[in-house]
Each structure stands twice: as structure tokens, then as C-alpha cells.
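Residue numbers (the working numbering), protein chains in the order written: chain A, 14 to 101; chain B, 49 to 270.
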Amino acid sequence: MYLAKIYVTYKPSILDPQGEVIKAALKRMDYVGIEQVAQGKYFEVKLNAKDVDAATAEVESFTDALLINQNTETYRFDLSLVPDEVDV
Amino acid sequence: MRAAVISFPGSNCDFDMLYALQDFGVDAEIISAKQNSLTGFDAIFLPGGFSYGDYLRTGAIARFSPIMSAVTQAANAGKLIVGVCNGFQILTEAGLLPGQLLPNATPGFICDEVALHVANGETAFSSAYDVDETILIPIAHAEGNYFADETTLNKLEKNGQIVFRYVNNPNGSAHDIAGIMNEQGNVFGMMPHPERAVDAVLGNIDGQNFFKSILSGILTKV
């Protein structure tokens with residue numbers, strides 16, 4: 014079984030008001046070095062696939078179809094092989 | 049005229065919409081998002097609310113509910129499709145309208161009554177308003193910030209697809225967009241709630257002409 018760790022963020026051109034609010038708060042807390050804060054989404058998806066290529070294609074397909082809105086969001090992901098879950 | 053009001057899990061303005069339609073003598077009924085047919089309806093309304101808890105993104109899960117294939121089919125057949133608030137968000141996620149509704153530029157839920165400018169008074173959704181009329185319509189949303197890329201925005205402007213604009217932009221929407229329609233002019237979405245402004249007892253009837261526009265359009269066609 015594969016584990017996909019998927020990181021979704023706004024495209025750089027998109028205003029991220031929540032990131033901006035967090036940045037302003039960090040500055041008020043005297044973290045003077047803060048340059049930029051981007052708030053995104055993180056998903057962990059476990060899936061069965063015959064090999065790493067099939068798993069990659071599957072992750073790309075469902076991420077484009079549902080997890081992101083391609084108007085404004087982009088993503089990257091890490092894929093790893095994990096032990097199958099055993100029903101107890 | 050027969051109208052369907054789609055009820056998604058988490059819709060909360062479905063009965064407001066039903067009430068408004070019935071107030072105008074429309075034969076309207078609530079249809080569950082779990083259904084998969086909309087045969088026999090002249091107009092389909094996607095109401096406001098928090099479908100599927102607004103999980104993931106507003107409208108993102110709702111667009112895959114069983115009823116949405118029927119909505120897409122009806123849209124392609126030229127039926128009137130109207131999305132208000134969450135309904136607008138669902139229509140953009142489904143690709144039936146261009147763009148996307150992002151979180152408000154100043155984060156948070158806005159509940160207010162705002163002035164709208166009738167940008168195009170010659171549509172199936174605005175023909176009963178005077179050109180350049182300013183109307184007052186309630187808004188209630190946290191994700192109403194309309195976004196589309198420059199090419200799309202230019203196309204919307206050029207084709208007259210922008211139907212309503214905010215007079216004082218409350219949420220950061222590009223080009224002050226409050227409501228748009230598709231190129232064919234039969235699919236429409238807006239963030240403000242005209243169905244909450246149809247009854248004099250509630251102090252605002254500026255939404256009445258929205259429903260009158262839709263009715264007169266459909267009655268002329270039939």
C-alpha cells in the first residue's frame with residue numbers, strides 16, 4: 014500500500030488573507046524576521062496500486078479532480094510504500 | 049413554470065428560496081441532492097447554505113452529488129440554472145460558471161445588506177430592473193471573493209456576463225463582481241440573497257424584480 018502526503022497551497026499570484034493575518038500576528042508577537050506566511054492544506058491518503066507509477070497517476074488524478082481548485086491552487090506530494098493494514 | 053430547489057446536506061436557504069418562488073406563483077418543490085433526475089423542470093435553483101459543511105472548499109463536495117449530472121444536463125439543454133451564495137460556489141466548482149469564490153479579502157463572515165449595481169439589465173435574471181439601477185440585497189458569506197484570471201475577467205466584461213456588481217466591494221471580488229452568468233445566458237450565480245428581499249413585511253423588496261425577470265423570461269419562451 015502507498016501513502017501519499019499531499020501539500021496544497023495557493024498559487025503565488027493568489028491573495029492568501031489567512032496567511033496575511035497570521036503574518037501580522039507573528040509580527041505583533043515580535044517575530045521580527047518573518048517575511049512570508051502561506052496557509053495551505055495537508056492530506057494523507059493511503060491507497061492500493063500495482064506500482065509506484067500507477068499510484069502517482071492515481072494521486073495526480075484525484076488531486077486535480079477534487080483536492081484542489083486549479084483556478085487558484087497548486088500542490089506537491091510525497092509517495093511512500095507502507096505496510097498493508099491488517100484487519101483485526 | 050415548474051422549478052426545482054435542490055437541497056444538499058447542509059443547505060439552509062432552500063426553504064427561503066421555495067417560499068420566494070411560491071410567493072410568485074411558481075410550482076416549486078424541494079429536490080434532494082441524492083436524486084438523479086430533473087426531468088420536467090423549467091428552472092433549477094441551488095440555494096445558500098453550507099453544503100457538506102463547506103468541507104475542503106465551499107461547493108467542492110456538493111458538485112459531485114448525484115443530482116449534479118442532472119443539473120449539468122439541464123444547463124446544456126438551455127434550462128435556467130440559478131445559484132445563490134453556496135449555490136454560486138457549487139456552480140463554479142462544477143465548472144458551469146467560470147472562476148472561483150475565495151475567502152473574503154478580510155477574513156471572516158459578513159452579514160449585511162449591500163448596494164448592488166445592475167450592470168446588465170438585459171438578462172433572464174435582471175430584465176425587470178432598470179438599467180443602472182441600484183438595489184439593496186442581503187449578503188451572508190465568508191467565501192464571496194470572486195476570483196478569475198485576467199483572460200476570463202476580460203471575457204466576462206466583453207460579453208456582458210457580469211449582471212450585478214457591488215457598489216462598495218465588501219469581500220475583495222475582482223471587478224466588484226456580485227453575480228455573473230455563463231456565455232449562453234442560462235446559468236447564473238450570485239453571492240447576495242435576493243430570496244431574502246421579496247416580502248414587504250421584512251422591510252426590503254428589492255429582490256422581487258429578480259424573480260419577476262426569471263418568470264417573464266420563462267413565460268415568454270413557453
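C-beta atoms are modelled at their ideal positions from N, C-alpha and C, and glycine is treated no differently.
Residues of chain A with a CB under 9 angstroms from the CB of residue i: which are they?
i	result
GLY147 of chain B	ASN84
ARG244 of chain B	Result: empty, since nearest Cβ-Cβ is about 26 angstroms, beyond 9 angstroms.
Name the chain B residues whose beta carbon is nearer than 8 angstroms to that of residue i?
i	result
PRO25 of chain A	In chain order: nothing, as chain B lies at least about 14 angstroms away.
VAL34 of chain A	PRO155
LEU60 of chain A	Ordered by position in chain B, no residue passes the 8 angstroms Cβ test against LEU60 of chain A, which lies about 18 angstroms from the chain.
What residue range does the alpha helix (DSSP H) around residue i cover?
i	result
MET65 of chain B	62-71
GLU198 of chain B	198-206
THR120 of chain B	115-124
SER74 of chain A	65-75
VAL58 of chain A	Careful: VAL58 of chain A lies outside any alpha helix (DSSP H), inside the beta strand (DSSP E) at 54-60.
ARG41 of chain A	30-41
Starting from residue i, find everything on chain B with Cβ-Cβ shorter than 9 angstroms and list it in chain order.
i	result
GLN31 of chain A	PRO151 and PRO155
Could you work out which residues of chain A lie near residue i, taking near to mean beta carbons separated by less than 8 angstroms?
i	result
ALA108 of chain B	LEU79 and ASN82
PHE93 of chain B	Near PHE93 of chain B there are no residues of chain A at all, since even the closest Cβ is about 23 angstroms away, more than 8 angstroms.
PHE195 of chain B	ILE27, ASN84 and THR85
ARG105 of chain B	ASN82
Under the DSSP definition of a beta bridge, which residues are partnered with residue i?
i	result
GLY131 of chain B	B:LEU94 and B:GLY237
ASN193 of chain B	B:LEU150
TYR214 of chain B	B:LEU164
VAL53 of chain B	B:ILE78 and B:PHE93
PRO186 of chain B	B:GLU161
SER59 of chain B	B:GLY97
Quick check on the DSSP output: the beta strand (DSSP E) that includes residue i runs from which residue to which?
i	result
LEU164 of chain B	158-166
GLU86 of chain A	86-94
THR22 of chain A	15-23
ILE225 of chain B	225-229
Closer than 7 angstroms to a non-hydrogen atom of the ligand FAD - does that hold for the CB of residue i?
i	result
GLY58 of chain B	The model on display carries no ligand, and the ligand FAD is accordingly not part of it.
Listing by chain order, which chain C residues have their CB less than 9 angstroms from the CB of residue i?
i	result
GLU141 of chain B	The chain inventory of the structure shown lacks chain C, comprising the protein chains A and B.
Identify each residue in the region 73-92 of chain B for which the Cβ-Cβ distance to at least one residue of chain A is less than 8 angstroms, and report them in chain order. none
Quick one: which residues of the region 37-50 of chain A get their C-beta closer than 7 angstroms to a C-beta of chain B? List them in chain order. none
Inter-stretch contact (C-beta, 8 angstroms, three-pair minimum) for the region 137-148 of chain B and the region 172-180 of chain B: no
Whether or not the region 78-97 of chain B and the region 111-127 of chain B are in contact is what I'm after, with contact meaning three or more pairs of Cβ atoms, one per stretch, closer than 8 angstroms; do they touch? With three or more CB-CB distances shorter than 8 angstroms, the region 111-127 of chain B counts as touching the region 78-97 of chain B.
Examine the Cβ distances between the region 154-167 of chain B and the region 92-110 of chain B and report whether three or more of them are shorter than 8 angstroms. Touching, no, given that fewer than three Cβ pairs across the two stretches are closer than 8 angstroms.
Can we say the region 50-65 of chain A touches the region 17-28 of chain A, given the rule of at least three CB pairs closer than 8 angstroms? yes
Three or more C-beta pairs closer than 8 angstroms, one from the region 69-81 of chain A and one from the region 38-46 of chain A: is that the case here? no
Is the region 146-155 of chain B in contact with the region 91-98 of chain B, if contact means three or more CB pairs nearer than 8 angstroms? no
Would the region 119-139 of chain B count as touching the region 233-242 of chain B if we require 3 or more Cβ pairs under 8 angstroms? A contact exists between the region 119-139 of chain B and the region 233-242 of chain B.
So, do the region 188-195 of chain B and the region 245-255 of chain B have three or more beta carbon pairs nearer to each other than 8 angstroms? Per the Cβ contact rule, the region 188-195 of chain B is not in contact with the region 245-255 of chain B (fewer than 3 Cβ pairs under 8 angstroms).
So, do the region 61-76 of chain B and the region 87-100 of chain A have three or more beta carbon pairs nearer to each other than 8 angstroms? no
Decide if the region 198-208 of chain B is in contact with the region 216-223 of chain B; the criterion is three or more beta carbon pairs, one per stretch, under 8 angstroms apart. yes
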